Amino acid sequence: MQSMRDNNKLNASPVFTTISYTLVGLIALICLIPFIVLVAGSFSSETSVLRDGYWFWPRELSLDAYQFIFRYPGDVLQAYKVSLIITVVGTAVSLFISSMTAYVLCRKELKYRNGLTFFLFFTTLFSGGLAPFYIWISKNLHMQNTYLVLILAPMFNVMYILILRAFIQGSVPEPLIESAKIDGAGDLRIFLQMVLPLTKPALASIGVFTALAYWNDWWTAMMFTSKESLVPLQYLLYKMLSSINLTGAMAQHIQAADQPKETFKLAMTVIATGPVVLVFPFVQRYFVSGITIGAVKG
Amino acid sequence: MSVNAEASNRVVAAPASGAKSRKKGLFSELKRNRVLYAMFIPIAVYFIIFAYIPMAGIIMAFKDFNYRDGIFGSPWNGFANFEYFFKSGKAFLVTRNTIIYNVIFLTCYTVFSILAAVFISEITRKWFKKISQTMMFLPYFISWVTVSAFVYNFLNYEYGIVNKMLAHFSIAPLDIYSNTSYWYFLLPFLYVWKWVGYGSVLYLAAIVGIDQEVYEAATIDGATRFQKITRITLPLLKPTMIILILLGLGRIMRGEFDMFYQLIGNNGTLMDATDIIDTLAFRSLVGSADFGMASAVGVYQSVLTLIIILTANWLVRRYDKDQALF
Amino acid sequence: MKKNSMLLLVLLFTMLVASACGNNNNSNSPNASVSDSSNTSTSTSKPDNSKEVKLVGYLLGEAPKGMPDVLAALNEKLKKDINATLELNYIGWGDVAAKYPLILASGEDVDFVFAADWNFYVSEANKGAFMPLDLEKMKQLMPKYVAKQDPAAFTAATVNGEAYMIPTTTPDRKVSVAVIRKDIMEKVGLTEVKSIAELEPYFAEIKKNYPDMIPLNLDNQFDLPTPYQYLVNDKFNYPGAPIDSGDPLGQGITYDMADATGKMITMTDEPMLSAQKYAATIMKDWYDKGYVNKNPYSNKTRSKDNFCEGKSGVAFGNSIDIASVMSSCKAKGIDTYLIPTLGLDGKSGMSSWTANGISIPASSKNADRTMQALDLIMEDESYVNLVYFGIEGKNYSVTADGKLGLPEGVTSEDNTYPPDAAGFWFVDKDYFKPMAEWTDEYIQHHDQIPSYLTDYQYNGFTFNSEKVKTEVATLKNVSSQYASPIYVGIVKDVDSAFATLADKLKAAGIDKVKAEVEAQASAFLANKG
């Protein structure tokens with residue numbers, strides 16, 4: 009790996025390097041600017057956002073939105089905890105089973121592998137819809153108000169399984185597997201000791217997506233939980249937002265107009281995104297450095 | 057390069073062993089590959105429980121659903137639930153719009169994701185790489201509601217930032233929200249903006265997954281960096297690209313409802329140009345909570361998608377069997 | 041697909057509330073008020089409460105932080121009075137459209153659930169979600185309620201010949217209002233405003249001297265059709281939303297509230313058409329002059345929310361939700377003037393009973409006890425104060441002049457049980473006391489409301505769209521494309537816009553809907569006698 013980086017530097021062309029840096033820098037900037045506006049807005053007073061719109065820095069510094077979110081800090085911390093548990097457990101199990109399935113689906117000796125793939129893919133095209141799903145889960149399986157449903161319902165994404173399959177096909181050479189088989193290794197061992205290490209970048213990227221899906225999932229919680237101790241962060245924020253927006257319609261008695269509405273939306277994005285942006289760099293190293301098959305072969 | 061070439065040679069040889077086992081039938085196939093089939097069991101069980109069993113509820117689209125009789129006992133009503141969609145006189149228009157927008161989105165998304173991934177991989181300074189990639193990911197977290205608030209703030213006629221700047225130079229203000237032509241550009245732009253970080257991660261993973269020995273060999277042969285991209289990186293990205301496009305086609309009838317709904321809403325002046333299947337269904341069913349009618353559009357979308365995906369898969373299969381979905 | 045259809049459903053909620061504020065909309069068929077089928081009542085005199093039961097209820101919104109304390113107090117009372125306790129669950133505002141029908145569809149163990157005509161009442165009743173109510177039994181189990189309730193309320197709650205809702209005894213007392221700024225009024229010499237049509241000079245002044253303010257800064261849901269509707273009201277008394285869909289943005293079937301014959305017309309028939317053209321011409325004029333924001337479809341901030349910030353010249357709302365706007369403007373030093381929107385006769389139709397109520401799901405096993413509990417919660421003053429305002433001395437206090445205020449040391453921000461928030465909007469509001477923080481201007485309006493409200497022929501008529509649901513869906517769709525530009529004033533030519541609209545409505549099957557509305561309406565009138 010070390011030699012690789014040196015080689016790249018050896019025949020570096022300055023023009024090309026400049027283009028790369030400029031282009032990547034430019035795209036990154038376009039993506040960053042709205043986020044800066046968002047963070048600035050979240051620290052502004054509601055009045056200044058309504059009056060003057062959004063800007064790159066807070067025109068009237070205020071912590072109202074955050075104070076509103078953290079009115080009951082215990083709830084927010086509990087929600088962080090629930091989200092964390094779901095995300096960690098769910099991603100680990102999902103990633104393991106997804107990649108195992110992906111490995112199975114790319115084994116050529118499996119006669120029915122296309123049929124099995126279609127069995128999975130079909131579920132992305134057709135679904136029974138909301139009502140049957142809800143009735144089945146809550147009335148027949150009695151899974152409402154459990155961690156189980158929060159973890160299981162969003163667990164697998166067929167797209168990710170198929171992407172993993174493509175990655176395994178692309179980065180684990182068939183002869184390697186064949187020779188391991190000749191050496192007497194079983195499929196499970198090949199999967200664990202060869203396929204998993206060689207597909208690290210793919211696992212990292214699919215892992216990020218799966219984790220994000222869990223982290224952002226408020227829908228499962230909305231449908232299947234009514235207990236406060238099981239409310240994940242995104243659902244907590246979503247609930248706060250909708251109650252700010254809508255209780256006003258029924259409110260003759262509340263001073264609803266003084267609640268931060270616009271800035272709340274922004275602050276809630278900051279609160280939910282913050283931890284992810286902090287954790288992301290740790291996963292990134294898998295995309296930053298390459299894989300050498302020789303390393304696994306030995 | 058050699059390792060990959062070898063791999064694909066093997067692939068061609070593989071079906072021969074499959075042909076042999078065909079004679080022996082299902083039972084011996086299961087027995088012979090019992091470990092592999094056993095490894096498939098967890099996912100099979102999951103999808104049976106969480107997808108196939110509730111899928112039976114799809115019959116609701118053809119029923120006049122009531123709670124007394126339940127899903128299976130409710131009376132059939134043929135295609136009555138579909139009528140509102142086809143009688144709207146816009147079924148063809150919105151289907152066409154949905155497909156066109158998704159094809160444009162998918163194309164732009166693929167091109168920009170690959171571009172971003174290739175250039176990121178060319179950057180040697182780790183901190184720059186990490187930071188820029190993180191930055192590209194940020195839009196993913198900004199919901200369409202917030203995006204639409206920003207866009208409105210930026211582009212609205214009276215006090216939008218763009219028009220304020222134009223006024224500064226004494227240029228007539230733009231009325232973007234009453235003019236379809238701006239949106240043909242804006243919508244794909246925003247789509248790419250939101251998803252490019254997400255998409256580039258996958259392509260970057262594919263690039264990083266390429267065996268580094270291949271590049272080293274090329275360097276020794278005196279290849280320039282540009283040559284390495286066009287001759288090694290891009291061809292090796294093709295399988296990933298094909299699979300991602302095929303999977304993208306699997307969503308071609310849906311499309312980013314939230315984006316259209318939040319950005320355009322019920323804007324009558326833009327509607328013919330920006331109405332997609334989901335927005336039409338939403339507008340028609342607002343406040344009625346009719347399960348049958350809601351799932352009817354879903355069935356329509358699913359059937360069309362199935363046709364499209366089977367055709368695309370068949371085409372890919374003819375071209376290269378290994379890159380097809382199934 | 042799963043996620044997609046959900047998104048769809050989930051987003052419905054915003055529209056729902058818009059229509060909730062709109063008016064006493066919609067639906068249904070007549071016939072007997074409350075069924076007197078006598079298959080159940082076995083116990084004759086005193087209900088048998090020897091077995092303790094737990095009643096499970098669903099309300100809308102969010103449980104306030106102080107709910108556990110209030111619920112404990114409530115359960116203590118209920119246990120003593122009828123040997124029952126409550127378990128309360130909440131369906132969040134954002135979840136209503138997705139979750140409410142599902143809870144009923146799945147047949148879970150639920151004993152009572154909030155019901156309202158703007159919240160799927162008729163369609164859920166059609167699908168058999170609720171238990172039909174028996175008046176004889178109610179007399180026995182809910183004596184206070186039956187004594188207070190107007191029999192017409194049961195007619196209003198009737199769907200396919202049975203009543204499935206226990207409607208509130210005190211329908212909301214509210215009218216649609218517009219609030220403007222007194223300082224600008226004085227500048228242009230306006231002293232009294234009856235209709236927003238008179239606001240032309242007020243708008244011109246804003247346009248000229250207040251560069252940051254837009255006279256009519258409309259949002260994409262509530263405000264969008266509002267000034268237009270107010271203008272139509274100057275010429276034609278109509279209920280605000282078409283009777284078929286109840287969607288304030290929609291076009292459909294309506295009637296003249298002052299017309300004794302009760303004739304149903306489509307909104308593109310005379311005299312409604314002329315009234316619409318009158319309003320459309322004014323809106324177009326205002327739009328062309330730049331009095332209306334150019335892009336209301338993408339604006340999500342209601343005028344009442346940025347009115348006090350000086351971004352909007354008019355705040356639109358109703359008697360109930362405008363109270364807080366007036367208070368917070370006053371805090372910022374802005375004096376306001378309130379224009380109630382009344383018909384030609386200076387009256388406004390009263391709100392329907394069915395806008396707030398409770399239903400008992402068909403799956404309930406404790407219907408008898410639930411009714412007893414509801415009788416207390418809705419009509420017993422101590423219960424009403426407890427569930428609506430919380431615990432005295434902790435969540436509210438009564439001031440010397442009989443108004444409701446906050447106890448010493450409690451602010452409206454840290455009150456753990458704010459009024460209105462717990463979802464008990466169906467209780468008897470006659471027990472409510474005025475709030476200490478209301479502005480004088482508002483109290484004046486509040487006291488006048490009863491004199492504005494009037495009964496009308498179709499009060500309590502709810503249209504059951506089951507037979508024409510395809511057409512109703514198509515009408516909604518056509519309206520949002522061809523009618524909403526008219527509301528805002530974007531159209532190039534008013535006459536041709538209405539010609540197109542009428543054609544499209546006809547193609548969408550408006551005549552079929554009209555026939556169905558007429559059939560149900562005449563049955564309703566015949567039944568009313």
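Protein chains in written order, with this note's numbering: chain V, 9 to 306; chain L, 57 to 382; chain Z, 41 to 569.
C-beta: ideal position from N, C-alpha, C; glycine also.
Predicted, not measured: the structure shown is a model, and the values here were computed from it.
Cα-Cα separation between residue i and residue j, rounded to whole angstroms
i	j	result
V/V23	L/R281	11 Å
V/V203	V/G215	16 Å
V/E186	V/V284	40 Å
L/T289	L/F206	37 Å
Z/D551	Z/P380	34 Å
Z/F472	Z/D480	18 Å
V/W144	L/T367	33 Å
Z/N63	Z/A523	In this prediction, Z/N63 scores a pLDDT of 35, lower than 50, which makes its location untrustworthy; the coordinate-derived value is nonetheless stated afterwards. Roughly 19 Å between the two C-alpha positions.
Z/F429	Z/D109	12 Å
L/I105	V/L149	10 Å
Z/G286	Z/N406	33 Å
Z/A561	Z/Y498	8 Å
Z/K179	Z/V186	6 Å
L/K143	Z/T514	7 Å
V/L69	V/S50	9 Å
Unbroken beta strand (DSSP E) run spanning residue i, endpoints
i	result
Z/M205	205 to 207
Z/E127	124 to 131
Z/M304	304 to 306
Z/S216	216 to 221
L/F118	Per DSSP, L/F118 belongs to no beta strand (DSSP E) and is neither H nor E.
Z/A355	354 to 358
Z/L95	93 to 100
Z/G397	397 to 399
DSSP-derived helix/strand/coil call for residue i
i	result
Z/N504	coil
V/P181	coil
L/Y165	helix
Z/E342	Before going further, note that residue 342 of chain Z is Arg rather than Glu in the sequence given. The answer is coil: DSSP assigns Z/R342 none of H, G, I, E or B.
Z/V228	coil
Z/V153	strand
V/P268	coil
L/F197	helix
V/V285	helix
Z/D174	strand
N- and C-terminal bounds of the alpha helix (DSSP H) containing residue i
i	result
Z/N273	266 to 275
V/N122	121 to 133
Z/I246	240 to 249
Closer than 9 Å at the beta carbon, the chain L residues around residue i
i	result
Z/D287	V342, G343
Under 7 Å by beta carbon: chain V residues contacting residue i
i	result
L/R310	Near L/R310 there are no residues of chain V at all, since even the closest Cβ is about 10 Å away, more than 7 Å.
Z/S146	Y142, I143, S146, K147
Neighbouring residues, chain Z, relative to residue i (Cβ below 8 Å)
i	result
V/T55	E349
V/A48	What V/A48 touches in chain Z: nothing, since even the nearest Cβ is about 18 Å away.
L/S234	K334, N335, I530
V/L85	Within chain Z, no residue comes near V/L85; the closest Cβ sits about 15 Å away, beyond 8 Å.
Partner residues on chain V for residue i, Cβ-Cβ distance less than 9 Å
i	result
L/E85	L118, K119, Y120
Chain-ordered chain Z contacts of residue i [CB-CB under 9 Å]
i	result
L/M95	The premise fails here: L/M95 is roughly 26 Å from chain Z at the closest Cβ pair, so nothing lies under 9 Å.
Under 7 Å from the C-beta of residue i: neighbouring residues of chain Z
i	result
L/L381	Neighbours of L/L381 on chain Z: none; closest Cβ ~18 Å, over 7 Å.
Neighbour list for residue i in chain L, Cβ cutoff strictly below 7 Å
i	result
Z/Q521	G324, M327
Same chain, Cβ closer than 7 Å to residue i, neighbours up to 5 away in sequence not counted
i	result
L/T361	G306, I308, M309
Z/L426	V110, A113, L114
Beta-carbon contacts of residue i that lie in its chain and below 8 Å, excluding the five residues immediately before and after
i	result
L/F347	M116, F121
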